[in-house]
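If you read the protein sequences in the order shown, they are chains D and B. This note's numbering numbers the first residue of the first sequence as 1 and each following residue consecutively. This note's numbering numbers the first residue of the second sequence as 751 and each following residue consecutively. Don't be surprised by glycine CBs; every beta carbon is placed ideally from N, CA and C. Structure first, then comments.
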Amino acid sequence: MTQSLTWKERLNGQMREDWSREIDVFETQLELRKKGKFEEKMFAETRLRRGIYGQRYDNGQRNDGEKTQELKFPCADLTKGPSTVWDAPGMMRIKIPYGKMSAAQMDVLCDLAEEYSDQILHVTTRQDIQLHFIHIEDTPDLMRRLAAVDITTREACGNSVRNVTACPYAGVCNEETFDVTPYADAITFFLLGHDDTQDFGRKVKIAFSGCKANPCGLVNFHDLGGIAVVREENGVKKRGFEFYVGGGLGSVPYPAALISEFLPEEELLPMSQAVSRVFARLGERDNRAKARIKFLVKKLGVEEFKRLVYEERGKLRPDERWTAFLKDLHSTDESPLKPPSELGLAARPAGFDAWFKTNVKPQSQVGYSTAKVALPLGDFSPAQGRAIANLMRRYTGDTLRTTVDQNLMFRWVPNADLPALYSELAAVGLAEAGADTITDITACPGTDTCKLGISSSRGLAAELRRQLKVMENDLDPAASALHVKCSGCFNSCAQHHVADLGFLGVSRNVNGRRVPHFQLVVGGELTNNAANYGLAIGAIPSKNVPQAVKQLTDFYVNGKQPGESFKGFVDRVGKKPIRKIVDGLNQVPPYEVDPSFYSDWGDPREYTIGDMGVGECAGEVVPFVEMGLAASEREVFEAQILLDEGKPQEAASRAFSAMLVAARSLTRQKNQNLGDGADEIVKEFRLHFYETKLFWDPYAHGKFAQYFFKAYEEPSKSPSTELAHQLVEEAQLFVDAAYQCYTRTGNLTS
Amino acid sequence: MQSEKLQIKVFARPSAEFQVEAVIPVFHRFIREHAFDELMIDVADYKHVKHGPGIVLVGDANDYYLDEGGGRPGLLFSRKRHGSGPEGRLREGFARALRACVLLEAAPELGGTLRFKTDEVLVRLPDRLHAPNDDASFTELSNEVSALAERLYGAGAFSLTRGPAAPAALELVLQAKATPDLSALLAKV
């Protein structure tokens, strides 16, 4: 227990080198920020792109139900972003690409939740895992421990390509065209940190589905999406995708536009790259509410957007990664631990049949099933997570997927093992039936932790779930099949637009006081990749929502035609009778009669919207060049540290690297295809900035650029401390000159 | 021992009347009234997770849980940062945990339904870097806990039992022969 190792030392050599370096860099940035040497807005976007998000009350204020109190954090004025106090706890979003997770990864996630968070792991609607109440200074170690099990948090937030999602049944589904897993995997790592995805005005969400009909991939509301299709060409079956762009929910939902009915598999990555470039170049940057791809597609029109994308595709510098992954599409295949088997007729544990009916599905591989773990509000504890990891190892061969409905899903369970798996899940409280039913409610964090939350979506979901669970066995099958989704505000993180019964938090003034309400949204469709979006019908006081759900389900069950979906029912009967139900429930009693209406579910404080803050979903718009220049400045600082540590060779190398980063950042504005190699960067920098005199200082002329050329042309293999010192100074001057050049010339994108 | 992290759980006496969610308004009041001499931030509700963290009073340096881990409710004190050095860590943790228990027992909202046992305390170090769950760490932690337990309960009046093996965090359970009053125990810390 007296060991003094750090996680950096302990995990040395166990992380991918580039990821390890990135985390070191972030740790340096964190120290620079603490010393006031890293600009606040830049730091905010930097941490967001590493998955570190703000949380409610991080502006240092909280309403306690009677008045707003200042939260006096020890860090005083130090911030980690605009109006974001350094010491205030935040959220860590951890990308789980297409939801696939190993037992070892689950173990580490549980360790992290236990050591740095509030003992809870939360599954999001985009297959991420989130940990809340994290201190920013714990994040580098947290990232290292994740990196050691091949998880990165890079670009989990901010204006970047977020977690790539995919159908959790991919590869084991009876109805899929083909397994989309290797494609989701390839695009994840191709676009991660790619130059062409660093200059967005907003985030980009990507999804894949193996089929058109089922509600698993939900491609229709993603910025970029692919649905698997196979086309026969000259007697040969060829894989490709229906390729969509510009979908999105949020306050203004847009269906995605089809820009290719058949995008050949080898074109998936380059076309995604081309879309990224067009979005980065033409997407809105000033008005954050209009900055997603959907608005650009609308503004330009689908045909023009498509034309620009294909034009851009033609300009791309060829990249072997576009097709390298196609050589082994089985690299992401999973192997079962045990041979297939049948369920058999042996006695089954109590509760098994109900669980089997709702949570278990046969796989396309005979003798195996998938089994969903229905998580209440998407939450589970570290103890439960470790139990799941053990079950993964013992039953399935180490695989699990998170799902967009905030659940976990085992795959490759031999059918004969289902009763035993059920019993072991039940022992840790994870064998509740009702997956994909009305009790399996999706909820975003809402006012619990989100700065944008208006009403308590989790509180409402918990209450609805509690009430519905009581009557679960008595529900009509049609009512049981409904989907309920609760968002804390209009941003639709819980995807309320595609629920049968969607709710979004709003507030209303009643009798001079604020009262939490939810707008009811009906008419959405989850099937067919979320084909239709519902519309808000009217606002209901939060405390009346459970009653509204009961009346609406009764109305549907009593009035539906055989086989009629809820959407079909709503379309047929119209919204007036539904509005009538809402109207019957929208009365709020005076505070003196029933004060409970004036506080939210699960929160006894008198309701207020005063705790709302500025969301960080939109990140901060920091151009690629500015991020690069900041990185070069940080590298100069690191070179100084190396010099102080008596490492002149490393210091000299880092100083040159700083110049290279600065030069590349500027030059890429002129040449988007610019590579990473020093030869190319120097050549292109000379062409575009030195020979044109763009880089020339008004007084020193080309002197600072010559420092760079000299460092490139005359590298010293074993520089003296003196020489290294000089190089560090020259690097600092070059980086300063690069900043000056950028300031003088502005955006040089041609 | 380098670890800043420390958890101490004081188990609740079994009660059919006590519902864990009843502490939600109490924790909110603790924040409003500054009941602790430290910064408390918010309340998190995880009662829907079976045998989970229950209800959490989140603070800057320390969290306080009405924890349901292991199916046994109790007050779990969790130190995250800014604690005193290794020498005073355990004493400070016990003092803060016991003070929170005293406040909860006295909370009028609970109507006396929540009472704590003083003869059983769990000590956990959720820090796999500085306190790996191995024999050496257990011995070191045992010595540290024994020194304090002698002061609280008297020499030979308690036993220590090691908790579950890794990957669980290092933990032990202190069981005393006596069941002193909470306030009396706190006074000895």
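- Below the 7 Å Cβ cutoff, chain B contributes Leu-789, Ile-791 as neighbours of Leu-71 (chain D), in chain order.
- Shown here, Ala-113 (chain D) sits in a helix according to DSSP, grouped into three states.
- Considered as a whole, the stretch 345-407 of chain D harbours 360-362, 368-373, 400-402 as its complete beta strand (DSSP E) runs of no fewer than 3 residues, in chain order.
- Of all residues in the stretch 914-927 of chain B, those with a C-beta nearer than 9 Å to a C-beta of chain D are Pro-917, Ala-918, Ala-919, Leu-920, reading in chain order.
- Taking a Cβ-Cβ cut-off of 8 Å, Gln-198 (chain D) has no neighbours in chain B, whose nearest Cβ is about 33 Å from it.
- Residues are counted here when their Cβ sits less than 8 Å from a Cβ of chain B; for the stretch 372-388 of chain D these are Pro-376, Leu-377, Asp-379, Phe-380, Ser-381, Ala-383, Gln-384, Arg-386, given in chain order.
- Any Cβ of chain D closer than 8 Å to the Cβ of Leu-860 (chain B) would place that residue at the interface, and such an atom is absent.
- By the criterion of a C-beta distance shorter than 7 Å, Ala-494 (chain D) is surrounded in its chain by Thr-125, Thr-442, Ala-443, Cys-444, Ser-457, Lys-485, Cys-486, Ser-487, once the five residues flanking it on both sides are discounted.
- Under the three-state reduction of DSSP, Asn-59 (chain D) is assigned to coil, being neither helix nor strand.
- Below 8 Å, enough C-beta pairs join the stretch 221-233 of chain D and the stretch 162-179 of chain D to call them touching: three or more.
- Taking a beta-carbon distance threshold of 8 Å, Ala-847 (chain B) does not count as an interface residue toward chain D.
- Tyr-796 (chain B): member of the beta strand (DSSP E) spanning 790-796, first to last residue.
- Residues Pro-168, Met-409 of the same chain have their beta carbon placed closer than 6 Å to that of Thr-403 (chain D), with the five preceding and five following residues left out of the count.
- In the structure shown, Asn-532 (chain D) falls within a strand segment according to DSSP collapsed to helix, strand and coil.
- Nearest CB-CB separation between Tyr-57 (chain D) and chain B: below the 8 Å threshold.
- Residue-level contact by beta carbon holds for Leu-879 (chain B) and chain D, with a gap shorter than 8 Å.
- Phe-518 (chain D): member of the beta strand (DSSP E) spanning 513-522, first to last residue.
- The three-state reading of DSSP puts Asp-196 (chain D) in helix, counting H, G and I together.
- DSSP places Arg-231 (chain D) in the strand class (E or B) of the three-state scheme.
- In this structure, Leu-224 (chain D) sits near Val-275 (chain D), with a CB-CB distance shorter than 8 Å.
- At a cut-off of 8 Å, the C-beta of Pro-74 (chain D) has a neighbouring C-beta in chain B.
- Close to Tyr-796 (chain B), with beta-carbon spacing below 9 Å, are these residues of chain D in chain order: Asp-118, Gln-119, Ile-120, Leu-377, Asp-379, Ser-381.
- The alpha-carbon separation between Val-278 (chain D) and Ser-160 (chain D) amounts to approximately 14 Å.
- Counting along the chain, the unbroken alpha helix (DSSP H) around Arg-277 (chain D) starts and ends at 268-282.
- Residue nearest to Pro-914 (chain B) within the set B:Val-923, B:Phe-908, B:Gly-906, B:Phe-844 is B:Val-923 (criterion: CA-CA distance).
- Pairwise C-beta distances place the stretch 722-731 of chain D in contact with the stretch 644-652 of chain D, as three or more of them are shorter than 8 Å.
- For Trp-86 (chain D), no Cβ of chain B is located within less than 8 Å of the residue's own Cβ.
- In chain order, Arg-605, Glu-606 place their CB closer than 6 Å to the CB of Gly-65 (chain D), counting only its own chain and leaving out the 5 sequence neighbours on each side.
- Cβ atoms of Asn-893 (chain B) and Leu-920 (chain B) stay farther apart than 8 Å, at about 13 Å.
- Closest in alpha carbon position to Arg-466 (chain D), among D:Glu-432, D:Ala-737, D:Gly-453, is D:Glu-432.
- In this structure the stretch 30-43 of chain D does not touch the stretch 51-68 of chain D; the number of beta carbon pairs closer than 8 Å is below three.
- Per DSSP, the unbroken beta strand (DSSP E) holding Glu-870 (chain B) starts and ends at 866-875.
- In the three-state reduction of the DSSP assignment, Val-806 (chain B) falls in the strand class, which pools E and B.
- Taking the CA atoms as reference points, Ala-539 (chain D) sits about 7 Å from Val-582 (chain D).
- Residue environment for Gly-217 (chain D): buried (at least 16 other C-beta atoms within 10 angstroms of its C-beta).
- Residues of the same chain with a CB within less than 8 Å of the CB of Lys-41 (chain D), apart from the 5 flanking positions on each side, are Gly-81, Pro-82, Glu-620, Val-622 in chain order.
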